[in-house]
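Here's the structure, in structure tokens; my notes come after.
Protein chains: 2
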Amino acid sequence: MKSYMTMTQEELLNEKHALEKEFQKIKDLALDLNLTRGKPSSDQLDLSMEMYDMVSSKSVLRTEAGTDCRNYGSLDGIDEAKRLMAGFMDCKEDQVIVYGNASLSIMYDTISRSMTHGVLGSTPWYKLDKVKFLCPVPGYDRHFAITEFFGIEMINIPMTENGPDMDLIERLVRDDASIKGIWCVPKYSNPQGITYSDETVRRFAALKPAAEDFRIYWDNAYAVHDLYPDDRDVLLPIMEECEKAGNPDLVYQFCSTSKVTFSGAGMSAMGMSERNRNDILKQMAVQTIGHDKIKQWVHTRYLKNMDGVRSHMAKHAAIVRPKFEAAHEIFTREITPRGIGTWYKPKGGYFICFEALEGCAKAIVAKANEAGITLTAAGAPFPYGIDPKDSIIRIAPTFPNLEEMKKAAEVFACCVRLVSVQKLLCE
Amino acid sequence: MKSYMTMTQEELLNEKHALEKEFQKIKDLALDLNLTRGKPSSDQLDLSMEMYDMVSSKSVLRTEAGTDCRNYGSLDGIDEAKRLMAGFMDCKEDQVIVYGNASLSIMYDTISRSMTHGVLGSTPWYKLDKVKFLCPVPGYDRHFAITEFFGIEMINIPMTENGPDMDLIERLVRDDASIKGIWCVPKYSNPQGITYSDETVRRFAALKPAAEDFRIYWDNAYAVHDLYPDDRDVLLPIMEECEKAGNPDLVYQFCSTSKVTFSGAGMSAMGMSERNRNDILKQMAVQTIGHDKIKQWVHTRYLKNMDGVRSHMAKHAAIVRPKFEAAHEIFTREITPRGIGTWYKPKGGYFICFEALEGCAKAIVAKANEAGITLTAAGAPFPYGIDPKDSIIRIAPTFPNLEEMKKAAEVFACCVRLVSVQKLLCE
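Sequences listed follow chains A and B, in order.
The first sequence runs contiguously to residue 426 in numbering that gives the first Met the number 0.
The second sequence runs contiguously to residue 426 in numbering that gives the first Met the number 0.
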């Protein structure tokens, strides 16, 4: 198979005509497949349904400590839920606050509180002329939406295969006190699936930011979401590293069971130092009397401990892995030899991040839509929705079934080829 | 029985000595009773446990419209939950957003959003020199805690038996554009148990505030919490009245099932005009992907509709009513003839609001604590915790059992007598 890069104009034209015919055939199939969001599939959700056999009108919904989960109270969560979520975050039980159904809401709240009340007594951000955040790119669109909503200026930080560019981060946070945070998805990053190296984590923990209220927003969304349970990436525990570096307050960690049990009906948690925790609990006491303890009770009875979580996640992996591998195989066969795209093969997480030829991402997404495959808007993984090279496309393989995923990957490959050949013809 | 008001010094002294002996006997009982918070009792919570027999691993957790409740989505709640909560708020289904487990969090969010983003395009409140709220007193301490947390100046508005002093409110909101809201518990008000009269509701709906971003925060916490199902207070539907008055955007309504099903594990909702709703949904889309739909599903299957809610609440009333009546009878016997305190006899809600002689509330609460009865801090029902007359004490009869409530009411009456006699002796 010949790379498009070495094709003559005539060869490219022939290829284009052949692809246009193929594309028309695909359109005639009137497909309707959606690869936009990182949603679990229905059979993944089925995995956790037994949870609901563990609670009935006969249940005694009391915690180990005797608290009635049906009544008010327990602002920071029940002990057994704190212990479980500490396992997700590699931290201590007393460093955890358990929240409601979404870690996204915790992150939103964290930014919102910093705007109105500052961080550990610092000046509220709304009183400052300028507040900036560092955004490793490509990254998670919902992170960027939060900072954009609060008028926080976002600065792109390039990703490497070891995590974000630490040289750049170290320099920026040292020199600019208006930089108050950085969004990180440190394990199986969204969307590339990169796990930060030990060195990257240690350099994060050792940051010397000019702003005392600078925090690392460590969204450990895929802490236990390994595709290969026997060959999983291991992330260095950030909170332990921060303590070792004498920076215990530097990081806020976030996680949830959204893709472990039920998306939108699981529980979420935050991990942080004692000082940060006390600061946040003061505000939380105004905001709520406590989150849903019955859900915490059921989740902890069902998942039990990290061994329980790992074995449960292995079942997810068995469902999800073939879809990732199918996409990987089809792309490797159809795209790699033609030299028109690359991607990092993730060992976990929820996405494949496809890097097309420059200037092709939007056109590929449009072409795929035309063929009945809905993809996340090109640009979405960047602050303000602007991909400077127009080359990144996020693919979410989990929601469709395996056959649909295979079909979608083939159609996608055809769209990549067609758009690439058009681009090369114009150059 | 003689009123303390007509007693001679000598009679008061004799009464004091007798009461001191009685108080010592009570102390010897080493009681430990808590009348602080409006928490349902364990047998009230038992009423809803059958809800958990309605869901098992075999359940098909899909909405009427076919949405999988286990997955992400449905930012504003599932249709059946919106319909049910519309019944609580006497509004239309499409005026509702269903939230998480606490209406308190909705109110916090609403103030927080107004601080950072304004209301329907108005200037964000943090950019204003001064923001003020009207606070009918006595009122709900957690309301006042939110406005205090955001540095909003609170102005006391006296309550009458028809609701807050509307003459004062009309004048203040007309003349002062820095007044942005008023906290209301319109039915069985916290803590007095007063239901706003039709005229009061209509005058609210017809307010002409100087501030375009003024809103009535209508916390309909006790919408269905009638102690006498056949003789319940009926609150005029505020949203309908606002529409009639040409002020559809004037009100935000809040409610929850916290004291219908499970406190802290129920669902909450907000009702508002279409313009307000669209404004809020824009922010919510940044904050969350959606609240817990499985909980919405189970709640709507269990409670069904407003008839279901009413018959369920009648069971609550059967448990709660005797406790209210016991307190009422004991106070009527021990306190009324002595002329040392009054209260409004509520037909619903969660509290009895006792008004002692001026300058006695703190001392009564302290005395009760000494006798093993924990009461809400005197002053709590007022902004900044300051009761100008030091006379109001909030009593929450629901959590103890009937015998405990009787005992607590007797001890309380003794404390009221002792403190009152001491006060009268010093005058």
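The beta carbon of each residue, even a glycine, is placed where N, CA and C say it ideally should be.
Item, Value
"Assigned exposure category for ASP291 (chain A) - 16 Cβ within 10 Å defines buried", "buried"
"Beta-carbon contacts of GLU357 (chain B) that lie in its chain and below 7 Å, excluding the five residues immediately before and after", "LYS388, ASP389 and SER390"
"Bridge partners - GLY61 (chain A), DSSP secondary structure assignment", "Note on identity: in this sequence residue 61 (chain A) is Arg, with Gly being the wrong assignment. DSSP, once it has assigned bridges, lists A:ASP67 as partnering ARG61 (chain A)."
"Proximity below 8 Å, CB of GLY21 (chain A) to CB of CYS425 (chain A)", "In the sequence under discussion, the amino acid at residue 21 (chain A) is Glu, which differs from the Gly named in the question. Contact flag unset, no."
"Distance between ALA284 (chain A) and GLY245 (chain B) (C-alpha atoms, nearest Å)", "37 Å"
"Within 8 Å of chain B by C-beta, residues of the region 204-224 of chain A in sequence order", "none"
"Beta carbon proximity, HIS311 (chain A) to chain B, threshold 8 Å", "no"
"Bridge-paired residues (DSSP) for MET158 (chain A)", "A:PRO163"
"Chain B residues whose Cβ lies nearer than 7 Å to that of ILE145 (chain A)", "VAL285"
"Straight-line gap, GLY348 (chain A) to VAL233 (chain A) (C-alpha atoms, nearest Å)", "13 Å"
"Start-to-end residues for the beta strand (DSSP E) that takes in GLU354 (chain B)", "351-355"
"CB of ASP164 (chain B) within 8 Å of CB of ILE156 (chain B), strictly", "yes"
"N-terminal and C-terminal residue of the beta strand (DSSP E) that ILE391 (chain B) is part of", "391-394"
"Beta-carbon spacing of GLN295 (chain A), ARG112 (chain A) below 8 Å", "no"
"Presumed contact (8 Å Cβ cut-off) between TYR251 (chain A) and TYR301 (chain A), rounded CB distance", "So it is not a contact: roughly 27 Å between Cβ atoms."
"CB contact check: GLY340 (chain A) to chain B, cutoff 8 Å", "no"
"For GLU152 (chain A): DSSP bridge partner residues", "A:LYS131"
"Residues in the region 54-87 of chain A having any Cβ partner in chain B nearer than 9 Å", "VAL54, SER55, SER56, LYS57, SER58, LEU60, ASP67, CYS68, ARG69, ASN70, TYR71, GLY72 and SER73"
"Among B:GLY76, B:VAL54, B:ILE279 and B:ASP108, the one whose alpha carbon lies nearest that of ALA64 (chain B)", "B:GLY76"
"Three-state class that DSSP yields for ILE215 (chain B) in the structure shown", "strand"
"Cβ-Cβ separation, ARG393 (chain A) to CYS352 (chain A) (assumed contact under 8 Å), whole Å", "6 Å"
"Beta-carbon proximity of LEU226 (chain B) to LYS366 (chain B), cut-off 8 Å", "no"
"Three or more C-beta pairs below 8 Å linking the region 363-383 of chain B and the region 24-37 of chain B", "yes"
"Straight-line gap, ASN304 (chain A) to CYS90 (chain A) (C-alpha atoms, nearest Å)", "14 Å"
"Coil, strand or helix - LYS207 (chain A) by DSSP", "coil"
"6 Å CB neighbourhood of THR146 (chain B) in its chain, flanking five on each side removed", "PHE132 and MET153"
"Residues near LEU103 (chain B) by beta carbon distance below 7 Å, same chain, minus five either side", "ARG141"
"Interface flag, SER111 (chain B) vs chain A, CB-CB below 8 Å", "yes"
"Supposed close pair GLY263 (chain A), ASN70 (chain B) - CB separation, criterion 8 Å", "7 Å"
"Alpha-carbon spacing of ALA210 (chain B) relative to LYS344 (chain A), whole angstroms", "56 Å"
"Pair within 8 Å by beta-carbon distance, PRO236 (chain A) and ARG309 (chain A)", "no"
"Simplified DSSP state of ASN33 (chain B), which is helix, strand or coil", "strand"
"Unbroken alpha helix (DSSP H) run spanning CYS90 (chain A), endpoints", "No alpha helix (DSSP H) contains CYS90 (chain A), which DSSP labels as neither H nor E."
"Cβ neighbour criterion (16 or more within 10 Å) applied to ASP306 (chain A)", "exposed"
"Within-8 Å CB hit, LEU46 (chain B) to chain A", "no"
"Limits of the unbroken alpha helix (DSSP H) element including ALA176 (chain B)", "It is not in any alpha helix (DSSP H) - ALA176 (chain B) carries neither H nor E in the DSSP assignment."
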